[in-house]
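All remarks here apply to the structure that follows.
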Amino acid sequence: MGVESGFSSPRNDVFPAGLRVLVVDDDPTWLKILEKMLKKCSYEVTTCCLAREALNLLRERKDGYDIVISDVNMPDMDGFKLLEHVGLEMDLPVIMMSVDGETSRVMKGVQHGACDYLLKPIRMKELRNIWQHVFRKKIHEVRDIESLEGIESIHMTRSGSDMFDDGHLLGGEDITSVRKRKDADNKHDDKDLSDPSSTKKARVVWTVDLHQKFVKAVNQIGFDKVGPKKILDLMNVPWLTRENVASHLQKYRLYLSRLQKESDIKNSFTGMNHSDPSSKDSTASFGHHNSMNVMQDDLSNGAYSFSVNNSLAQNVDLKGHEGDRKGITSVPVAEPKGALSIDIPDPNKAKSSHISFDHSLGSVDSGLNFASFNSTNLVQYSWSKIPEIQFKQECEPLQLENGFSQLPLPGSHHHMQTEYLQPSASISSGPSITEKEASSSRIEVKPMYDEYGRNHVKHLSPMEAVDLFPVQSKNHTLHNQVFEPISTSTSSMKSPDVSLNWLTDLEFAQRNLNGGAGIPFTSLSEDIQVCWLQGDCYAMNFGLQDFDCTEYNDPALIAEIPFHLYDAPRFDHDHLFDPAEYSALDKGLFA
Amino acid sequence: MERNPMGRQLAIMRQSLFDQGYLDEQFIQLEELQDDANPNFVEEVVTLYYRDSARLILNIEQALERKPFDFNKLDDYMHQFKGSSSSIGAKKVKAESTLFREYCKSGNGEGCTRTFQQLKKEYATLRKKLEAYFQMARQAGPMETACRPK
Chain A
1 MGVESGFSSP RNDVFPAGLR VLVVDDDPTW LKILEKMLKK CSYEVTTCCL AREALNLLRE
61 RKDGYDIVIS DVNMPDMDGF KLLEHVGLEM DLPVIMMSVD GETSRVMKGV QHGACDYLLK
121 PIRMKELRNI WQHVFRKKIH EVRDIESLEG IESIHMTRSG SDMFDDGHLL GGEDITSVRK
181 RKDADNKHDD KDLSDPSSTK KARVVWTVDL HQKFVKAVNQ IGFDKVGPKK ILDLMNVPWL
241 TRENVASHLQ KYRLYLSRLQ KESDIKNSFT GMNHSDPSSK DSTASFGHHN SMNVMQDDLS
301 NGAYSFSVNN SLAQNVDLKG HEGDRKGITS VPVAEPKGAL SIDIPDPNKA KSSHISFDHS
361 LGSVDSGLNF ASFNSTNLVQ YSWSKIPEIQ FKQECEPLQL ENGFSQLPLP GSHHHMQTEY
421 LQPSASISSG PSITEKEASS SRIEVKPMYD EYGRNHVKHL SPMEAVDLFP VQSKNHTLHN
481 QVFEPISTST SSMKSPDVSL NWLTDLEFAQ RNLNGGAGIP FTSLSEDIQV CWLQGDCYAM
541 NFGLQDFDCT EYNDPALIAE IPFHLYDAPR FDHDHLFDPA EYSALDKGLF A
Chain B
1 MERNPMGRQL AIMRQSLFDQ GYLDEQFIQL EELQDDANPN FVEEVVTLYY RDSARLILNI
61 EQALERKPFD FNKLDDYMHQ FKGSSSSIGA KKVKAESTLF REYCKSGNGE GCTRTFQQLK
121 KEYATLRKKL EAYFQMARQA GPMETACRPK
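Quick note, the sequences are listed as chains A and B, same order.
To convert, note that position 585 of the first sequence is 585 in full-length UniProt numbering; the numbers rise steadily by one, no gaps.
To convert, note that position 18 of the second sequence is 18 in full-length UniProt numbering; the numbers rise steadily by one, no gaps.
Rendered as structure tokens:
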């Protein structure tokens with residue numbers, strides 16, 4: 001895939017060396033080759049030919065590995081299943097590999113949370129850069145911890161713009177450049193980052209049992225009311241601290257959110273054909289940052305790129321998912337291909353399209369929540385009850401995460417604003433979109449956010465007033481108008497801090513948001529997979545909502561808030577969607 | 001470019017494997033991985049490949065004896081085999097597996113059977129050629145097998 005080739009050399013010569021890599025492949029030949037390659041990269045390699053064995057190794061030494069590379073097809077356990085476990089239990093970056101480059105499979109891998117998907121034959125140069133996934137994750141962890149310490153509420157505003165006809169959207173930033181920048185910005189953190197012990201304080205090992213207790217407690221309390229303290233009390237584990245629980249709760253939410261996003265992605269995928277050169281590059285990053293992916297488009301190409309958010313669901317069980325869907329809804333959320341005129345030749349791209357949605361959130365800071373909210377709202381089909389629940393939950397997660405205000409990395413800000421693509425042609429509503437120079441505003445981000453929020457509220461009000469506030473949750477019926485008032489308030493709420501957090505850690509925010517959504521389901525069935533349903537609904541919802549395209553027409557707004565554009569494409573989908581087609585597509589892609 | 005006749009002959013032999021389409025760049029990758037720590041790395045990998053893939057071939061063979069064909073299973077097996085074949089850069093073998101999988105997807109049992117025969121032939125041919133190559137490489141001395149630009 002060459003995903004990594006675009007990224008340049010490590011900044012730090014010491015860190016990547018000694019990276020502890022666990023390779024899982026049932027093919028002994030590949031195992032031998034990969035081992036050799038990784039050793040040549042100065043990594044510390046452990047190989048194993050069975051997925052279950054790998055899982056045992058990982059469980060025995062939770063902090064014994066930095067990254068996992070796993071084959072997709074293994075006899076004893078599906079690679080995706082392994083991915084799911086690793087994501088939930090160890091939270092390690094996982095790279096999937098397969099000789100099969102089918103879009104659907106790559107998509108599935110990324111959706112399950114793979115930070116990268118390598119095609120066999122795998123080249124050394126691809127392995128040389130895998131450290132970046134570890135590094136990125138560490139950056140996020142540091143942020144997570146810090147964010148946990150200051151809990152506030154993050155408000156997100158969501159921006160959506162409608163794309164008509166072509167529905168091309170806009171792109172955002174070049175991920176690669178973002179990363180680089182990010183890395184550069186974080187240089188001062190290097191020491192801490194490269195030393196896990198300094199970033200984590202006495203990490204609790206969440207065994208399956210412990211996690212079960214946790215899930216039970218969450219279910220007992222109810223998603224809309226969960227809080228670390230309550231969970232802690234219910235779990236009744238003496239040595240556990242509130243912080244441990246809070247951290248796990250956060251992860252859990254992220255996890256659920258990923259599931260949800262996954263489904264979103266699916267939906268969006270179905271309808272879209274993407275053809276964006278830049279998308280490829282973004283793939284890798286997607287896996288990692290769920291929300292961060294932005295695609296850059298060259299106007300010259302004529303192809304618009306989507307900014308994608310990736311939400312990877314690690315746990316997704318396809319079968320379960322399908323089953324759920326059938327039982328609950330046969331929603332034809334699918335986005336008709338026609339709706340989005342984007343051609344996505346490769347899976348990555350598909351993701352990106354999806355991502356665009358997230359993006360919008362990210363860009364707005366507050367936008368993150370929106371996405372989730374929207375989804376909930378949208379899910380009106382048969383889920384009327386569910387959406388409400390989700391809302392509430394979402395609110396909570398948001399608050400927790402909002403605490404992130406802590407780290408406003410300049411670099412991160414950058415990302416958001418940097419390069420906006422104007423799909424001017426495609427977007428009928430916003431004819432006068434102009435590209436924005438990324439460089440312009442790192443520091444300015446805060447002010448922008450505020451403005452954004454306000455503008456957003458005013459302009460977008462009809463579209464999605466989705467707010468983080470619980471109050472809204474009750475309302476979430478599709479009517480956006482109801483939300484408007486709320487959103488306004490939210491906008492005021494939105495503070496630079498939030499935005500900063502958001503920027504720095506797009507992933508984080510998104511996950512949180514999503515997580516919130518996912519939680520309700522869990523409570524219902526205790527089955528994580530339930531989330532799928534939501535996800536589906538999520539996707540479907542998009543179509544339902546009405547976005548005001550006109551709102552976006554204002555060039556000024558657009559310039560500042562490119563994200564809106566991202567959202568727009570998706571929304572259009574609903575119009576086009578054909579249920580039958582959707583289901584068919586879905587099967588094709590994920591079966 | 002080679003100093004001795006044996007080396008020259010070896011180089012020609014190796015090049016012909018590429019020219020005739022038996023091997024692809026992956027094989028060069030393997031050669032590049034060969035170093036002092038693993039002076040016979042390429043040969044070891046190829047040996048391992050043939051040892052392990054024999055099992056997969058057998059699986060497919062048996063699956064092809066059962067009618068009606070379980071195309072999903074066949075595709076699964078062939079997927080594994082293809083992945084394995086990609087490891088040594090067995091180009092022709094890989095091409096046959098791709099074709100086989102296409103027949104699986106279209107439910108063409110006859111195509112599968114035919115392709116599998118062809119695949120086995122390519123698989124065996126490559127094996128012979130590589131064995132001859134490695135044998136000569138051993139005679140030529142360890143240095144001669146080390147990476148050399150295509």
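Ideal Cβ placement from N, Cα and C applies to all residues, glycine included.
This one's a predicted model, so the numbers in the text were calculated from it and none came from an experiment.
Outcome for residue i when other beta-carbon atoms lying within 10 angstroms are tallied against a minimum of 16
i	result
Gln29 (chain B)	buried
Gly79 (chain A)	buried
Pro238 (chain A)	exposed
Arg136 (chain A)	buried
Val205 (chain A)	exposed
Ser106 (chain B)	exposed
Glu141 (chain A)	buried
Ala334 (chain A)	Any reading at Ala334 (chain A) must be qualified, since the residue scores a pLDDT of 38, below 50, and its modelled position is unreliable; no value is offered.
Glu43 (chain B)	buried
Ser257 (chain A)	buried
Gln212 (chain A)	exposed
Leu58 (chain B)	exposed
Gln250 (chain A)	buried
Ala54 (chain B)	exposed
Lys92 (chain B)	buried
Glu126 (chain A)	buried
Ile95 (chain A)	buried
Val23 (chain A)	buried
Val14 (chain A)	exposed
Gly83 (chain B)	buried
Whole-angstrom distance between residue j and residue i, CA atom to CA atom
i	j	result
residue 595 (chain A)	Pro16 (chain A)	The structure shown does not extend to residue 595 (chain A), since chain A spans only 1 to 591, so no value can be given for it.
Glu96 (chain B)	Gln132 (chain A)	36 angstroms
Gln15 (chain B)	Arg8 (chain B)	11 angstroms
Met90 (chain A)	Thr47 (chain B)	36 angstroms
Gly21 (chain B)	Ala90 (chain B)	9 angstroms
Leu130 (chain B)	Met78 (chain B)	22 angstroms
Pro228 (chain A)	Val245 (chain A)	5 angstroms
Leu23 (chain B)	Lys121 (chain B)	15 angstroms
Gly111 (chain B)	Asp63 (chain A)	50 angstroms
Thr98 (chain B)	Asp100 (chain A)	10 angstroms
His85 (chain A)	Phe41 (chain B)	34 angstroms
Lys138 (chain A)	Ser247 (chain A)	15 angstroms
Tyr43 (chain A)	Lys67 (chain B)	48 angstroms
His112 (chain A)	Leu50 (chain A)	19 angstroms
Val208 (chain A)	Phe214 (chain A)	10 angstroms
Phe286 (chain A)	Ser104 (chain A)	Residue placement at Phe286 (chain A) is flagged as unreliable, the pLDDT there being 37, under the threshold of 50; the coordinate-derived value follows with that caveat. Cα to Cα, the separation comes out at about 16 angstroms.
Asn219 (chain A)	Glu243 (chain A)	19 angstroms
Gly87 (chain A)	Tyr50 (chain B)	35 angstroms
Asp233 (chain A)	Arg52 (chain A)	33 angstroms
Pro5 (chain B)	Ile12 (chain B)	11 angstroms
Integer Cβ distance of residue i from residue j, believed to fall under 8 angstroms
i	j	result
Gln26 (chain B)	Ser86 (chain B)	6 angstroms
Pro93 (chain A)	Val134 (chain A)	6 angstroms
Leu83 (chain A)	Ser98 (chain A)	Contact flag wrong, Cβ pair sits at about 12 angstroms.
Asp71 (chain A)	Val21 (chain A)	Their Cβ separation, rounded to whole angstroms, is 14 angstroms, which puts Asp71 (chain A) and Val21 (chain A) out of contact at 8 angstroms.
Asp27 (chain A)	Asp52 (chain B)	7 angstroms
Leu126 (chain B)	Phe100 (chain B)	The pair is not a contact, with the Cβ atoms about 16 angstroms apart (cut-off 8 angstroms).
Gln80 (chain B)	Leu56 (chain B)	6 angstroms
Phe18 (chain B)	Ile60 (chain B)	Not confirmed; about 27 angstroms, so no contact.
Thr46 (chain A)	Leu57 (chain A)	7 angstroms
Beta-ladder partner(s) of residue i, from DSSP
i	result
Ile67 (chain A)	A:Val21
Ala90 (chain B)	B:Leu23
Asp35 (chain B)	None; Asp35 (chain B) has no bridge partner.
Leu118 (chain A)	A:Met97
Cys48 (chain A)	A:Val24
beta-carbon residue i near the ligand MG non-hydrogen atom, thresh 7 angstroms
i	result
Leu31 (chain A)	The model depicted lacks the ligand MG and carries no ligand whatsoever.
Legend entry - Members of the segment 93-122 of chain B that neighbour chain A once the beta carbon cut-off is set at 7 angstroms: none
Inset, instruction - Using a Cβ-Cβ cut-off of less than 8 angstroms, give me the residues of the segment 75-108 of chain A that come near chain B, in sequence order. - result: Ser98, Val99, Asp100
Inset, instruction - Could you name the residues of the segment 121-133 of chain A whose beta carbon sits closer than 8 angstroms to any beta carbon of chain B, in the order they occur along the chain? - result: Pro121, Arg123, Met124
Inset, instruction - Could you list the residues in the segment 69-83 of chain B with a C-beta less than 8 angstroms from some C-beta on chain A, going in chain order? - result: Asp76, His79, Gln80, Lys82, Gly83
Legend entry - Within 7 angstroms of chain A by C-beta, residues of the segment 47-58 of chain B in sequence order: Leu48, Tyr49, Asp52
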